[in-house]
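As structure tokens, the structure follows; a few thoughts come after it.
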Amino acid sequence: MRPPLRAVAMLAATAALVAACDSGDDWSQPHPAPSAVGTLGPGFVDPATTPAPEATITPRPGSWAGVHPPKDYRVVLLTAGTDDPTKALVTAVREWADDEDANLRTITVGNAHDAVSSIARAMEMKPDLIVSAGGDLIDPLALVTPNHLDEKFLVVGAELAEPTHNVTSVDWEGASFRGEGLGMSSTYDPKSFTGERCAAAIRAGVAAVLNDLTGIVVWL
Numbered sequence: 003m004r005p006p007l008r009a010v011a012m013l014a015a016t017a018a019l020v021a022a023c024d025s026g027d028d029w030s031q032p033h034p035a036p037s038a039v040g041t042l043g044p045g046f047v048d049p050a051t052t053p054a055p056e057a058t059i060t061p062r063p064g065s066w067a068g069v070h071p072p073k074d075y076r077v078v079l080l081t082a083g084t085d086d087p088t089k090a091l092v093t094a095v096r097e098w099a100d101d102e103d104a105n106l107r108t109i110t111v112g113n114a115h116d117a118v119s120s121i122a123r124a125m126e127m128k129p130d131l132i133v134s135a136g137g138d139l140i141d142p143l144a145l146v147t148p149n150h151l152d153e154k155f156l157v158v159g160a161e162l163a164e165p166t167h168n169v170t171s172v173d174w175e176g177a178s179f180r181g182e183g184l185g186m187s188s189t190y191d192p193k194s195f196t197g198e199r200c201a202a203a204i205r206a207g208v209a210a211v212l213n214d215l216t217g218i219v220v221w222l
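Quick note on numbering: this note's numbering labels position 8 of the sequence shown as 10, and the sequence is numbered without any gaps.
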């Protein structure tokens with residue numbers, strides 16, 4: 003006798019739930035603190051000194067290529083805006099996550115009024131890293147991040163004017179947005195957000211965070 007359709011649906015739903023729990027995608031379970039796989043290449047930072055808070059470092063191109071996140075690295079991508087630079091950054095982060103097999107979840111901020119609550123929701127997920135893409139998030143991040151120093155943030159394609167030690171930024175000439183109070187850099191150029199530049203930004207930024215080089219600006 004064929005089982006009722008409702009029973010079949012319930013069985014399918016249960017199987018899907020079990021599969022999801024077995025996939026390692028359940029962030030409610032603790033896991034080891036992440037550490038870098040691989041090492042930074044020569045020229046990423048002067049090995050004789052530790053960058054001061056809010057310092058800017060200019061690593062040698064590609065010196066971050068040997069660093070990878072560990073298995074099951076949990077990342078939340080916070081994104082706001084539909085402009086081309088933001089789209090390029092989002093694409094780069096997603097491609098990086100696919101290449102590195104990182105465990106990526108995305109929160110898209112609908113409008114400026116939702117930004118702070120979206121950042122709070124990202125923190126509640128307890129990721130290893132929150133990555134921000136989009137200039138509309140800079141001011142909300144400046145408001146929230148000093149009060150949550152145990153959460154690590156990476157800002158790509160922009161920077162906070164006065165970052166605390168838990169906020170790392172990756173920036174370059176042509177980007178450099180630091181919030182509404184300071185406005186866009188006079189050299190701002192949306193065409194500078196190339197696929198290659200954005201891919202380098204996420205990789206260099208994650209390499210810095212995994213090596214505890216945080217609270218600084220990585221200048222590409």
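Glycine included, every Cβ here is placed at the ideal spot set by N, Cα and C.
Continuous beta strand (DSSP E) stretch holding residue i: start and end
i, result
"ARG107", "105-111"
"ASP173", "169-173"
"VAL157", "155-158"
"SER134", "131-135"
"TRP221", "219-221"
Extent of the continuous alpha helix (DSSP H) to which residue i belongs
i, result
"ARG199", "197-212"
"LEU145", "140-146"
"MET125", "117-126"
Inter-residue Cα distance where the pair is residue i and residue j
i, j, result
"ASP173", "HIS33", "31 Å"
"ASP116", "ALA122", "10 Å"
"PRO55", "PRO165", "8 Å"
"THR108", "SER119", "14 Å"
"TYR75", "TYR190", "32 Å"
"ASN105", "THR170", "20 Å"
"ALA35", "GLY83", "32 Å"
"ASP101", "VAL133", "16 Å"
"LEU139", "THR58", "21 Å"
"ALA144", "ALA50", "31 Å"
"VAL95", "ASP48", "27 Å"
"PRO53", "ASP214", "11 Å"
"GLN31", "GLY112", "29 Å"
"PHE46", "ALA210", "9 Å"
"ARG199", "TRP29", "31 Å"
"PRO142", "ALA163", "12 Å"
Residues of its chain near residue i, where Cβ-Cβ distance is below 6 Å and the 5 sequence neighbours each way are ignored
i, result
"THR81", "VAL92, THR110, ALA135, GLY136"
"SER194", "GLY176"
Same chain only: Cβ atoms within 7 Å of residue i, ignoring 5 sequence neighbours per side
i, result
"ALA206", "PRO61, TRP66, VAL172, VAL220, LEU222"
"CYS23", "Reliability fails at CYS23, whose pLDDT of 34 lies under 50, so the model's placement of it is uncertain and no value is given."
Close Cβ partners of residue i (< 8 Å) along its chain, the five nearest in sequence each way excluded
i, result
"VAL168", "Looking at the sequence itself, residue 168 is Asn, so the reference to Val does not match. Same-chain partners within the cutoff: THR147, HIS150, LEU151, ASP152, GLU153, LYS154, PHE155, THR216, GLY217."
"GLU97", "ALA201"
Q: Give a yes or no on contact between the stretch 112-129 and the stretch 175-182, applying the rule of three or more CB pairs nearer than 8 Å.
A: no
Q | Any beta strand (DSSP E) of 3 or more consecutive residues that is wholly inside the stretch 31-114 | A | 76-82, 105-111
(Q) Check whether the stretch 83-91 and the stretch 30-48 are in contact - that is, three or more C-beta pairs closer than 8 Å. (A) no
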